[in-house]
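Numbering (the numbering used here), first residue to last: 294 to 393. All C-beta atoms, glycine included, are put in the ideal place defined by N, C-alpha and C.
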């Protein structure tokens, strides 16, 4: 994915159903996006192809779900929808968006 300095929401939104949590314990859900390898890719002829070496990695930022912290009962009843998550390649972003 190539991004300009603007942020982009993930589409479709990432949704998770949770089970097996302790109902009374509090949990913080977060998302961290990490590279799968050290390659840059392009989408060509309906498939992803290696297009060279990736740029150096940016400082890590994790996205904390806005309902966090919440009880296990809350997460198991509602699940987690990360529809507000935005991606950016702007290292000076101050809005808490996930950089990659």
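Problem - Status (buried if at least 16 other CB within 10 Å, exposed otherwise) for residue 323 - result: As a first step, residue 323 must be located in the chain shown, where it is residue number 30. Label assigned to residue 323: exposed.
Problem - Buried or exposed (CB count within 10 angstroms, at least 16 for buried), residue 358 - result: For the purposes of this step, residue 358 is taken as residue 65 along the chain shown, with counting starting at 1. It is buried - the Cβ of residue 358 has at least 16 other Cβ atoms within 10 Å.
Practice task
Tell me whether residue 347 sits in a helix, a strand or coil according to DSSP, three-state version.
Solution key: Taking the first residue of the chain shown as position 1, residue 347 is located at position 54. Correct three-state label for residue 347: coil.
Exercise for the section: Helix, strand or coil for residue 369, going by three-state DSSP, please let me know. Expected result: One-based indexing of the chain shown puts residue 369 at position 76. DSSP places residue 369 in helix when its eight states are reduced to three.
Exercise for the section: Please classify residue 373: is it buried, with 16 or more other beta-carbons within 10 angstroms of its beta-carbon, or exposed? Expected result: Within the chain shown, residue 373 is the residue found at index 80, counting from 1. With 16 or more other Cβ atoms within 10 Å, it is buried.
Practice task
Pair every Cβ in the region 313–330 with every Cβ in the region 345–355, then say whether three or more of these pairs are closer than 8 angstroms.
Solution key: By the Cβ test, the region 313–330 is in contact with the region 345–355, since at least three Cβ pairs between them sit closer than 8 angstroms.
Handout entry: Reference residue 360, options 343, 348, 307 and 321, closest by Cα
Key = Translated into positions along the chain shown, residue 360 becomes position 67. The shortest Cα separation from residue 360 among 343, 348, 307 and 321 belongs to 321.
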